[in-house]
Amino acid sequence: MVQEARKLEEEERTRPNVSQTVLRNRETHKRLSASLPLLILKTACRGTPHVSAQPVIEIVLKVLSKRHPYLLENFAGEFLQITLKFILTFRHYYAELTTANWRGEVTEVVVVVVVVVVVVVVVVVVVVVVVVVVVVVVVVVVVVVVVVVVEVVVVVVVVMVMVVVVVVVVVVVVVVVVVVVVVVVVVVVVVMVVVVVVVVVVVVVVVVVVVVVVVVVVVVVVVMVVVVVEVVVVVEVVVVVVVVEVVVVVVVVEVVVVVVVVVVVE
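Heads up, the sequence shown is in UniProt numbering, so the first residue is 1 and it goes up one at a time.
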């Protein structure tokens with residue numbers, strides 16, 4: 001670049017001053033003005049790409065001020081400086097980007113980004129799996145509770161209906177027995193009416209007591225059976241839920257271990 005500037009300065013010494021010619025000839029002025037971008041590119045794009053921008057800008061402006069001072073006046077030196085700085089800066093960073101060290105740093109950055117993305121994806125998957133497991137467990141518990149409540153209500157209703165039916169049947173049977181006994185006693189032995197009445201009353205009382213005892217025993221047995229069955233069902237459901245949670249946790253742990261091993265191997 002310095003050699004180019006010296007060559008231009010040498011040519012400037014051997015050539016006449018063209019500023020007066022440009023002022024006299026408008027066509028030449030337009031032609032030189034149109035060739036300004038080409039002059040900038042030819043001057044700025046020669047030399048090494050790592051050279052600093054400011055010395056090259058100063059050399060170009062120095063040569064232009066000697067050979068074509070009107071260009072600096074017409075186009076303003078700031079425009080030339082901005083254009084040259086953009087070109088040289090672009091070439092500098094492009095050269096840095098194409099070096100081996102820069103490519104190595106880019107490769108390391110890409111690897112780090114890929115690892116971070118994989119870790120984030122694994123964490124998101126684990127969180128989603130845990131949330132799904134929690135939701136499933138909550139739904140199962142709610143369903144079990146609802147089923148147990150419904151079954152208890154049904155059992156209570158059935159027991160109450162059975163008690164009512166037994167009481168009605170017992171009452172009917174007692175009434176029938178009493179009526180038959182009374183009729184038989186009245187027909188057979190009129191004399192022993194009082195004794196028969198007493199016997200009938202005793203029999204009725206005994207029958208009622210027996211029936212009540214039987215009903216109570218039946219109800220207690222039914223309730224105990226229902227309670228035992230419900231307890232067994234609840235225990236089985238809880239065991240199943242615990243086993244499912246343990247299996248899900250083991251699967252999630254295995255998936256996380258496999259992903260971590262894959263990331264470490266990569």
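Every residue gets a Cβ at the ideal spot worked out from N, C-alpha and C, and that includes glycine. Fair warning: this is a prediction, and the values are worked out from it, not measured in the lab.
- Between the region 135 to 146 and the region 238 to 248, the count of Cβ pairs shorter than 8 angstroms is three or higher; the stretches touch.
- The closest CA to that of Val152, considering only Val226, Val194, Val242, is found on Val226.
- Here the C-alpha atom of Val180 lies approximately 12 angstroms from the C-alpha atom of Val188.
- If you ignore the 5 residues before and after Glu245, its C-beta comes within less than 8 angstroms of the C-beta of Val133, Val137, all in its own chain and listed in chain order.
- With the rule of 3 Cβ pairs closer than 8 angstroms, the region 247 to 265 does not count as touching the region 166 to 177.
- Excluding its 5 nearest sequence neighbours in each direction, Val193 has C-beta neighbours in its own chain below 8 angstroms: Val185, Val186, listed in chain order.
- Here the region 205 to 218 makes no contact with the region 247 to 257; the two share fewer than three CB pairs at distances below 8 angstroms.
- Boundaries of the alpha helix (DSSP H) around Met224: 193 to 265.
- Short of 7 angstroms from the beta carbon of Val182, and not among the five residues preceding or following it, lie these beta carbons of its own chain, in chain order: Val200.
- With a contact defined as Cβ atoms closer than 8 angstroms, Val256 and Val126 qualify at about 6 angstroms.
- Cβ atoms of Val223 and Val159 come within 8 angstroms of each other, at about 7 angstroms.
- Note that the C-beta distance between Val177 and Val211 is not below 9 angstroms.
- Cβ contact annotation for Val229 (same chain, cutoff 6 angstroms, sequence separation greater than five): none.
- Under the three-state reduction of DSSP output, Val189 falls in the coil class, being neither helix nor strand.
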